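Following: one structure in structure tokens, then a few remarks.
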């Protein structure tokens with residue numbers, strides 16, 4: 001025994017110095033020594049690795065913040081110069097010469113003598129608010145119903161009939177009819193864009209859920225008696241994060257496009273949104289010296305929609321776990 005003990009000692013050290021008794025703790029035994037992992041931290045690390053994403057996100061953040069802050073700190077009255085005919089359709093140079101140098105007049109004036117610059121940012125605030133509200137309603141309702149739709153066969157039979165009926169009606173026609181029936185206001189436009197908009201999102205989510213609902217871990221959860229709603233919200237939707245983000249990237253710009261298109265054909269809301277500004281400045285498109293009235297809101301609408309789309313697409317790619325390896 002003495003010889004065996006000598007084998008487990010190091011020169012100059014005793015057994016007590018080499019080994020120490022450790023108390024058994026069931027909680028400590030469950031802990032795994034590994035670096036902490038944050039999914040969203042990994043997503044943003046991948047997203048910001050590309051410099052183009054930083055540039056586009058900066059442009060988008062500036063436009064959105066400016067659209068909400070500038071109208072608050074300034075006063076915009078569309079008809080303040082209506083009775084002065086010399087203020088209508090002024091080029092930027094002529095507007096600055098008449099009113100003095102100010103950021104309000106760097107894009108000239110419109111048909112009522114109003115500042116084109118002020119009108120654009122007030123219209124941008126309305127269009128962006130419309131897009132975000134519609135996206136929040138349609139995505140929330142569509143994702144939740146689509147997740148349950150893909151899991152329940154009884155609901156699937158009913159919802160497929162609803163989808164086949166509504167889906168065969170052109171969406172833009174349905175929205176146009178609703179806008180014409182209702183008063184053309186901000187909230188009537190929200191209602192027209194969301195009354196059936198969630199259904200197409202739900203159908204897309206339903207298709208994705210069907211692909212992954214019969215995987216082993218979901219079958220095990222159902223065998224253990226886990227409710228369908230819990231399986232859908234805990235097992236399915238987190239797995240589809242990148243799909244949902246990519247879908248959101250398409251949805252938000254589409255509402256601005258719908259609003260601009262409806263306003264351009266004369267069926268938009270009465271508020272001075274970007275679409276309304278483009279519609280009223282249509283005659284200025286080819287008139288020398290008046291082009292700023294038309295192309296300024298077109299450029300801002302294009303920047304907003306393209307920036308939202310590209311940012312969402314790249315964020316959707318970054319949220320795919322396969323890009324984190």
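Numbering (full-length UniProt numbering), first residue to last: 1 to 325.
For glycine and all other residues, C-beta sits at the position ideal for the given N, C-alpha and C.
A quick note: this is a predicted structure, and the numbers were derived from the prediction, not measured.
Cβ-Cβ distance between residue i and residue j below 8 angstroms
i, j, result
"residue 150", "residue 201", "no"
"residue 309", "residue 250", "yes"
"residue 119", "residue 277", "yes"
"residue 129", "residue 78", "no"
"residue 199", "residue 191", "no"
"residue 127", "residue 274", "yes"
"residue 311", "residue 60", "yes"
"residue 184", "residue 125", "no"
"residue 258", "residue 135", "no"
"residue 141", "residue 205", "no"
Residue i, enclosing alpha helix (DSSP H) - first and last residue
i, result
"residue 140", "116 to 149"
"residue 160", "153 to 167"
"residue 40", "39 to 47"
"residue 99", "92 to 99"
"residue 218", "216 to 223"
"residue 79", "It is not in any alpha helix (DSSP H) - residue 79 carries neither H nor E in the DSSP assignment."
"residue 275", "274 to 280"
C-alpha gap between residue i and residue j, whole angstroms
i, j, result
"residue 248", "residue 139", "7 angstroms"
"residue 194", "residue 318", "28 angstroms"
"residue 236", "residue 47", "23 angstroms"
"residue 57", "residue 253", "15 angstroms"
"residue 231", "residue 148", "9 angstroms"
"residue 99", "residue 284", "21 angstroms"
"residue 304", "residue 152", "39 angstroms"
"residue 188", "residue 170", "19 angstroms"
"residue 55", "residue 157", "46 angstroms"
"residue 154", "residue 146", "13 angstroms"
"residue 137", "residue 288", "43 angstroms"
Integer Cβ distance of residue i from residue j, believed to fall under 8 angstroms
i, j, result
"residue 294", "residue 281", "4 angstroms"
"residue 292", "residue 108", "5 angstroms"
"residue 246", "residue 313", "6 angstroms"
"residue 242", "residue 316", "5 angstroms"
Local conformation of residue i per DSSP, three classes
i, result
"residue 229", "helix"
"residue 287", "coil"
"residue 1", "With a pLDDT of 46 at residue 1, under the threshold of 50, the modelled position of this residue cannot be trusted, and the question is left open."
"residue 408", "Residue 408 is absent from the model: the chain starts at 1 and stops at 325."
"residue 196", "coil"
"residue 74", "coil"
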